[in-house]
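As structure tokens, the structure follows; a few thoughts come after it.
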Amino acid sequence: MIQTISPIVEKKVLSDEIHLLTFRSKELVQNAQPGQFLNIRVSNAFYPYLRRPFSICEVNNDTFSILFSIFGMGTKTLANAKVGDEFDIIGPLGKGFTIPPKLDYAVIVAGGLGAAPFPFLMSKFQDGTKIKSFIGARTKELIVTYKLNNALIATDDGSFGKKMTVVKLLEEELNDLNNYSNLKIYGCGPTPMLKALTQLCLSNNLDCEISTECAMACGFGICQGCPIESSNSDEYYLVCKDGPVFNIKDIKI
Ligand SMILES: Cc1cc2nc3c(=O)[nH]c(=O)nc-3n(C[C@H](O)[C@H](O)[C@H](O)COP(=O)(O)OP(=O)(O)OC[C@H]3O[C@@H](n4cnc5c(N)ncnc54)[C@H](O)[C@@H]3O)c2cc1C
Ligand code: FES
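Take 7 as the starting number for the sequence shown in the working numbering and just add one per residue.
If you want it as structure tokens, here you go:
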């Protein structure tokens with residue numbers, strides 16, 4: 007884990023809702039793994055005081071990007087920042103996704119901004135790994151397909167793709183997926199989506215890792231503010247240190 011002062015080198019607005027910010031930091035990029043996150047100090051003012059966590063979306067040479075939409079003051083500040091502005095960033099933090107040595111089929115399941123960590127993950131799959139993405143959101147405007155090719159899409163209101171949840175969409179394809187033995191599912195999105203994905207994968211004996219989310223303060227295991235229940239004992243893991251990515255067999259979500 008390192009702390010850097012990183013300048014913004016590129017700003018993109020992918021849609022009314024979705025912003026992509028690219029920063030430069032060679033040290034951060036050298037150590038980053040897909041699924042890890044960064045804790046960004048968005049302002050030197052008293053509010054917002056706490057750093058804000060963001061998945062590492064993409065990594066290129068000495069730059070990395072984050073993908074976000076505006077929730078509150080922190081993300082609004084980031085969205086209004088200019089190229090050249092510098093931010094105090096800690097990272098890479100937490101444990102990321104794992105890729106089995108022999109992976110025939112990688113299945114991405116993303117809800118809304120849950121698409122953020124997957125461009126980086128996809129860049130690490132070996133040539134020949136088949137990839138399919140299942141993308142869901144409440145409405146068409148909230149669909150994020152950045153760098154996720156070959157995607158099947160579902161919206162809650164039916165304004166784009168099929169009118170169903172993204173996990174139902176995945177369920178419809180299970181017969182096809184069951185033909186592959188070296189298959190792994192990677193999920194990220196809102197907690198209700200992750201719960202449904204966990205139930206589906208456990209009951210069909212599918213290997214699955216999910217990136218969990220919760221409010222965070224320190225981001226590296228000091229404040230004990232981000233517990234998640236372990237499935238193996240009465241113990242708790244910390245999302246920031248032991249996650250945010252967990253195998254679904256290891257946690258109670
Ligand atoms: C490990 C991790 C990775 C994350 N990666 C991303 C990412 O790649 N892109 C992204 O857009 N967001 C991501 N988030 C969520 C992001 O940290 C929050 O959106 C951000 O902290 C909101 O800050 P804010 O100051 O704009 O909003 P706040 O003022 O803190 O909150 C404004 C509103 O947003 C809601 N909110 C706050 N935090 C979250 C949250 N974690 N999830 C859902 N709603 C929230 C609050 O309930 C409130 O209603 C991640 C969170 C974690 C823990
Ligand atoms: S955020 Fe402080 S321990 Fe996880």
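From the three backbone atoms N, C-alpha and C, an ideal C-beta is built for every residue, glycine too.
None of the values given here were measured: they were computed from a predicted structure.
Please tell me whether, using a cut-off of 7 Å, the distance from the CB of residue i to the nearest non-hydrogen atom of ligand 2 is below it.
i: K201; result: no
i: M222; result: yes
i: C214; result: no
i: L244; result: yes
i: Q42; result: no
i: K247; result: yes
i: G231; result: yes
i: G142; result: no
i: I257; result: no
Using only the alpha-carbon positions, how far apart do residue i and residue j sit?
i: F60; j: E92; result: 16 Å
i: Q230; j: G249; result: 13 Å
i: E33; j: V15; result: 16 Å
i: S21; j: I72; result: 15 Å
i: S264; j: G117; result: Residue numbering for the chain in the displayed model covers 7 to 259; residue 264 lies beyond these limits and cannot be assessed.
i: N67; j: D240; result: 43 Å
i: L206; j: I137; result: 19 Å
i: E5; j: T104; result: For the chain, the structure presents residues 7 to 259; residue 5 sits outside this window and is missing.
i: G142; j: K153; result: 15 Å
i: K190; j: I159; result: 19 Å
i: E235; j: I96; result: 26 Å
i: F254; j: A221; result: Per the sequence presented here, residue 254 reads as Ile, with Phe not at that position. Computed Cα separation, rounded: 20 Å.
i: G80; j: Y55; result: 9 Å
i: N238; j: V89; result: 46 Å
i: P125; j: L44; result: 16 Å
i: I62; j: N185; result: 32 Å
i: L148; j: E23; result: 7 Å
i: G3; j: F52; result: Since the first residue shown for the chain is 7 and the last is 259, residue 3 is missing from the structure and cannot be characterised.
i: F226; j: R30; result: 22 Å
i: L127; j: Y192; result: 9 Å
i: G100; j: R47; result: 17 Å
i: R144; j: K168; result: 11 Å
Compare the C-beta of residue i against all C-beta atoms of chain D and say whether one is closer than 8 Å.
i: F43; result: Within the model displayed, chain D is absent; a lone protein chain is all it includes.
Is residue i a contact residue of ligand 1, with contact defined as CB to any heavy atom under 7 Å?
i: G80; result: yes
i: P107; result: no
i: S61; result: yes
i: L119; result: yes
i: E147; result: no
i: I72; result: yes
i: P250; result: yes
i: P54; result: yes
i: A122; result: yes
i: S75; result: yes
Give the range of the alpha helix (DSSP H) segment to which residue i is assigned.
i: N37; result: 32 to 37
i: T83; result: 79 to 86
From which residue to which residue does the beta strand (DSSP E) around residue i run?
i: T5; result: The structure shown does not extend to residue 5, since the chain is modelled only from 7 to 259, so the question has no answer here.
i: E64; result: 64 to 66
i: E219; result: Segment: none, E219 is in no beta strand (DSSP E) and carries neither H nor E.
i: R47; result: 43 to 47
i: F262; result: Given that the chain is displayed from residue 7 to residue 259, the structure contains no residue 262 and the question cannot be resolved.
Residues bridged to residue i by DSSP?
i: K101; result: P250
i: P233; result: L244
i: L27; result: K17, I72
Can you tell me whether residue i sits near ligand 4, meaning its C-beta is under 7 Å from at least one heavy atom of the ligand?
i: E219; result: As far as ligands go, the structure on display features ligand 1 and ligand 2 and does not contain ligand 4.
Which full runs of the alpha helix (DSSP H) of 4+ residues lie inside the region 113 to 201, going along the chain?
124 to 128, 172 to 178, 180 to 183
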